[in-house]
Amino acid sequence: MKYSKLKEVSKAKHHILQQYFPPWAKILGSTHRNLFYVDCFAGEGKYEGNEPGSPLIILKKARDITWNKPYCIHLIFVEKNELYAEKLKQNLKAEKLNSQISYKVFSEDSRYFIKNLLKKIPYNIPVFFFIDPYGYPISIPVINKILQNKHAEVFLNLMWFQINRDINNPAAAHLLDKMFEHSEWLNQLFYKEHGTEREKKFLEYFCSQVHSQYHFHFRIRFDPEDKMRGGNKRTKYYLIHFCNHPKAILLMKNIMWKLGDEEGTFDYSATSQGVLFSSTPNVDQLIEYLNTYYVGTNRNIEFTKLQIETYKLPFIEKHYRDAIKTLEFNKLVSVKRKKSKKTGIKEGDIICF
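With our numbering applied, the sequence shown corresponds to residues 23 to 375, in that order.
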């Protein structure tokens, strides 16, 4: 079989899946007997050089983490192209399974199929949807239907370069109409903007249309293989995580943070030369933020809750720990250590501002 080549920049999606899926399954598997994973644009399962695609990556991870565990993982792979779907079946069949793993491959168009699939997945069963199209995703109302389940999560590839090209093209307006399932997007601020301002406003609008309690995005720029003029500065797509549980978004932030071109940029291009000026978040900036908005308020906040309240900031747990220790050293806060000892700070400890 001849497979397409997986570009270096596209490996970011697989890296995040590999890192996020095991803890997601282990945490939810501790309280649920059945978990579902749905890949809406599954492809063939492999790339050139026998490199595994997302279906094989997840199948192998699921097999490893369910060994001798009391929960089962049900994998659903949806692929519109019949030839690709058949290749995927062959690639999956070659893998060994254990009794806690099941999978099904559907040769269907996810943009129509998922709505019916949701009727067959038991409500409030944990389910993780990976939506990775080349073009437009399933419609936002269907995504919102998914997220009505409080245990559902969506990891979405939003192809900005394609959408940006289509926004002012009347011949492509129907594609955005289908994605939003309305034409009100034509009246939004981004429609008349250009460049980075359009990109920023569109991303804000798109995320505002998705009804999740939390979301966080990771920017993917064009890499050298794309041979796009000025590509290392231009956005190719966004990986966006939508969920309803605060600890899920904190876990995803920690995973995304490690992948950036520079520490903490949440920005990736498969080249270390993509960023002209450093945008790596500085702990001093977090200290200043906490000093401005929290110190002196007389609030007592549990350490993890503080991270949840400020989850949209580009900082992860270790930054908060360092910032709180500095503020404590300068006698601007005190810490009631419920879980940690001496100078440590972790979940359960109370920060007294």
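Even glycine gets a Cβ: it sits at the ideal position worked out from N, Cα and C.
Please state the DSSP three-state secondary structure of residue 305. helix
Kindly indicate which residue of 243, 66 and 276 has the alpha-carbon position closest to the one of residue 256. 243
Step through the CB atoms of chain D and report whether any lies within less than 8 Å of the CB of residue 129. No chain D is part of this structure, which consists of one protein chain only.
Delimiting residues of the beta strand (DSSP E) encompassing residue 61: 56 to 61
Does the ligand MG have a heavy atom nearer than 7 Å to the CB of residue 112? For the structure depicted, the ligand MG is absent and the ligand set is empty, with no information on it obtainable.
Just verifying my parser: in three-state terms, what is the DSSP assignment at residue 335? coil
Cβ distance (whole Å) where residue 370 is taken to contact residue 310 below 8 Å: The Cβ separation is near 26 Å, so there is no contact.
Along the beta strand (DSSP E) that carries residue 257, what are the first and last residues, could you check? 257 to 265
Check whether the region 138 to 152 and the region 170 to 181 touch, using three or more Cβ-Cβ pairs below 8 Å as the test. yes
If you drop the 5 nearest sequence neighbours on each side, which residues of the same chain put their C-beta closer than 7 Å to that of residue 360? 370, 371 and 372
What is the DSSP secondary structure of residue 239, reduced to helix, strand or coil? strand
How many Å lie between residue 259 and residue 179 at the Cα? 7 Å
Quick one: grab the DSSP three-state call for residue 350. helix
For the alpha helix (DSSP H) that residue 219 lies in, which residues bound it at each end? 217 to 231
Scan the region 114 to 170 and note each continuous alpha helix (DSSP H) run of 4 residues or more that stays entirely inside, going in chain order. 132 to 139 and 162 to 169
Just to confirm my understanding: we take residue 120, look at its own chain, exclude 5 residues before and 5 after, and list those with CB closer than 7 Å. What are they? 85, 88 and 89
Nearest candidate by alpha-carbon position, reference residue 376, set 327, 366 and 77: The chain is shown from 23 up to 375; residue 376 falls before or after that span and cannot be answered.
Give me the residue from 183, 82 and 68 with the minimum Cα distance to residue 43. 82
For the alpha helix (DSSP H) that residue 277 lies in, which residues bound it at each end? 268 to 279
When you compare each of 99, 168 and 228 to residue 186 by their alpha carbons, which one comes out closest? 228
Closest to residue 362 by C-alpha separation, out of 132, 273, 347 and 125, would be which residue? 347
Assuming residue 114 and residue 127 form a contact by the criterion Cβ under 8 Å, report the distance between their Cβ atoms to the nearest whole angstrom. 7 Å
Could you give the distance in angstroms between the alpha-carbon of residue 69 and the alpha-carbon of residue 231? 34 Å
Determine the DSSP secondary structure at residue 174, reduced to helix, strand or coil. strand
Please state whether DSSP places residue 369 in a helix, a strand or coil. coil
Given a cut-off of 8 Å, decide if residue 201 and residue 158 are closer than it, judged by their beta-carbon atoms. yes
Name, in chain order, the residues that DSSP records as bridge partners for residue 97. 59 and 125
Would you mind stating whether residue 137 and residue 167 have Cβ atoms separated by less than 8 Å? yes
With distances taken between CB atoms, is the gap from residue 375 to residue 355 smaller than 8 Å? yes
Report, in whole angstroms, the separation of the C-beta atoms of residue 63 and residue 165, which I expect to be a contact under 8 Å. In fact, because the Cβ distance is near 14 Å, the residues do not count as touching under 8 Å.
Residue 322 bridges to which residues according to DSSP? 374
Rounded C-alpha distance that separates residue 78 from residue 57: 17 Å
Quick check on residue 111: does DSSP put it in helix, strand or coil? helix
Does the beta-carbon of residue 315 have 16 or more other beta-carbons within 10 angstroms, so that it is buried, or is it exposed? exposed
By a C-beta neighbour count over all protein chains shown, 10 Å radius and 16 as the cutoff for buried, is residue 321 buried or exposed? exposed
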